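In our numbering, the protein residues as written are 28 to 369. Glycine included, every Cβ here is placed at the ideal spot set by N, Cα and C. Values in this document were obtained by computation on a predicted structure and should not be read as measured data. In what follows, a structure is listed as structure tokens, so that the remarks can point back to it.
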Ligand SMILES: NC(=O)c1ccc[n+]([C@@H]2O[C@H](COP(=O)([O-])OP(=O)(O)OC[C@H]3O[C@@H](n4cnc5c(N)ncnc54)[C@H](O)[C@@H]3O)[C@@H](O)[C@H]2O)c1
């Protein structure tokens with residue numbers, strides 16, 4: 028009797044495993060159909076900054092761009108992690124090239140570097156830009172990737188709500204201060220590119236202009252969604268301004284999908300437990316999640332194309348609110364005032 032039971036249990040187990048496998052294939056085939064980048068052209072002589080490039084998707088973006096021979100600056104607030112990421116990427120690149128040729132070795136040593144940047148501090152953003160400009164490097168790609176999610180109510184050094192201050196305002200100032208270098212580095216037919224990491228959570232986002240800092244009613248989820256909506260409003264408005272002036276810079280926003288990274292560390296313990304069994308099935312790996320941002324940064328077919336919201340490597344509609352030009356202008360003006368830009 029017990030033997031029959033055991034056999035039945037293992038058959039059931041096998042059957043279940045099989046279904047899980049099949050399900051995974053179906054889900055990945057139909058919904059996750061942009062899990063790896065197509066072949067991208069080499070980017071010799073180009074320079075990229077990737078914020079939060081030390082781990083998660085930022086690391087994968089940095090690694091991939093460096094493998095295309097781009098000089099990559101990982102900009103982040105965790106120096107130890109940043110330097111470790113630089114070392115890992117350099118080792119991988121040198122191994123890939125076999126370090127057979129001594130000049131290859133020397134070039135790849137300089138392909139990736141770390142620079143300190145705390146996006147939760149406007150002073151740090153200004154210092155970063157000063158140090159970057161002092162290097163005299165051009166800038167062809169800026170990937171605004173860094174972010175935090177679901178952090179309990181907290182303020183940045185300058186007193187802004189953390190999600191709004193770090194995810195959005197820090198990147199708003201960084202981008203504006205780097206615009207002159209981006210414009211100078213691009214030319215018609217070879218535009219510089221700004222890639223902005225948004226999220227599907229923006230669809231539920233509201234922008235309360237009277238209470239951007241969430242002082243009246245705070246919700247960590249609402250604050251994250253607001254910051255990702257603000258990034259979209261910013262990216263569309265910036266692209267319009269650049270086009271009006273004929274500047275050779277494009278701006279595209281990206282939704283990477285659900286990706287298994289440290290971003291979820293602030294989930295409550297029950298939510299972490301509930302997420303665990305579905306992670307492998309429903310979440311992308313950081314490399315898979317990074318693929319649309321890498322595509323936006325380097326694909327030839329996106330040359331000169333901006334103002335898009337990309338998901339799974341394709342143009343998608345973002346929320347109706349994100350296209351509201353009056354709201355975009357109001358947010359832009361308010362943001363300039365908040366960060367002290369003319
Ligand atoms: N993981 C997902 O499911 C998902 C979904 C949609 C959008 N995103 C967005 O993708 C981006 C990358 O997130 P991830 O999932 O790789 O998470 P992650 O936590 O692995 O990476 C976040 C990065 O931001 C950096 N960062 C945090 N605070 C910073 C600060 N003050 N100054 C500078 N850098 C700072 C971290 O050091 C880290 O490198 C984020 O903007 C996130 O909102 C993620």
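CA nearest to the CA of residue i, picked from the options
i           : options            : result
residue 232 : 216, 240, 249, 220 : 249
residue 191 : 169, 297, 350, 362 : 362
residue 114 : 253, 95, 86, 264   : 86
residue 198 : 353, 280, 356, 70  : 280
residue 256 : 224, 273, 268      : 224
residue 235 : 88, 357, 93        : 357
residue 219 : 345, 366, 341, 326 : 326
residue 161 : 284, 205, 171, 270 : 205
residue 99  : 212, 154, 75       : 75
residue 79  : 64, 212, 171       : 171
residue 331 : 345, 302, 273, 301 : 273
residue 259 : 226, 284, 285, 270 : 226
residue 240 : 185, 207, 213      : 185
residue 268 : 211, 355, 286      : 355
residue 70  : 159, 138, 123, 308 : 138
residue 364 : 67, 196, 347       : 196
residue 242 : 300, 343, 187, 335 : 187
residue 228 : 329, 157, 251, 337 : 251
residue 67  : 165, 329, 303      : 329
residue 140 : 117, 155, 337, 157 : 117
residue 164 : 208, 291, 348, 155 : 208
Opposing strand residues paired with residue i [DSSP bridges]
i           : result
residue 142 : 102
residue 148 : Answer is none; residue 148 lacks a bridge partner.
residue 335 : 279
residue 342 : 337
residue 226 : Its beta-bridge partners do not exist; DSSP assigns none.
residue 303 : For residue 303, which the question treats as bridged, DSSP gives no partner whatsoever.
residue 116 : Its beta-bridge partners do not exist; DSSP assigns none.
residue 161 : Looking at the DSSP assignment, residue 161 forms no beta bridge with any residue, so it has no partner.
residue 76  : 100, 169
residue 220 : 168, 277
residue 286 : 311
residue 188 : 182
residue 214 : 217
Beta-carbon proximity list for residue i, same chain, < 7 angstroms, skipping 5 on both sides
i           : result
residue 81  : 101, 103, 105, 108, 109, 112
residue 189 : 147, 175, 178, 181, 182, 183
residue 215 : 275
residue 149 : 185, 200, 366
residue 203 : 368
Cut-off 6 angstroms between Cβ atoms - residues of its own chain near residue i, not counting five sequence neighbours on either side
i           : result
residue 73  : 97, 167
residue 91  : 321
residue 278 : 221, 262, 265, 266, 333
residue 9   : In the structure as shown, the chain begins at 28 and stops at 369. Residue 9 is therefore absent and cannot be evaluated.
residue 142 : 100, 102
residue 201 : 152
residue 64  : 318, 321, 322
residue 213 : 219, 275, 276
residue 335 : 279, 342
residue 371 : The question about residue 371 has no answer here: the residues shown for the chain are numbered 28 through 369.
Same chain, Cβ closer than 8 angstroms to residue i, five either side skipped, listed in chain order
i           : result
residue 244 : 238
residue 288 : 82, 83, 84, 313, 316
residue 350 : 263
residue 88  : 77, 80, 170, 172, 317, 320, 321, 324
residue 123 : 94
residue 344 : 336
With 16 other Cβ atoms within 10 Å as the buried cut-off, status of residue i
i           : result
residue 194 : buried
residue 369 : exposed
residue 311 : buried
residue 145 : buried
residue 282 : buried
residue 298 : exposed
residue 173 : buried
residue 246 : exposed
residue 95  : buried
residue 127 : With a pLDDT of 46 at residue 127, under the threshold of 50, the predicted position of this residue should be treated as unreliable, and no value is reported.
residue 352 : exposed
residue 367 : exposed
residue 295 : exposed
residue 305 : exposed
residue 271 : exposed
residue 157 : exposed
residue 382 : A question about residue 382 goes unanswered here, because the residues of the chain that appear run from 28 up to 369.
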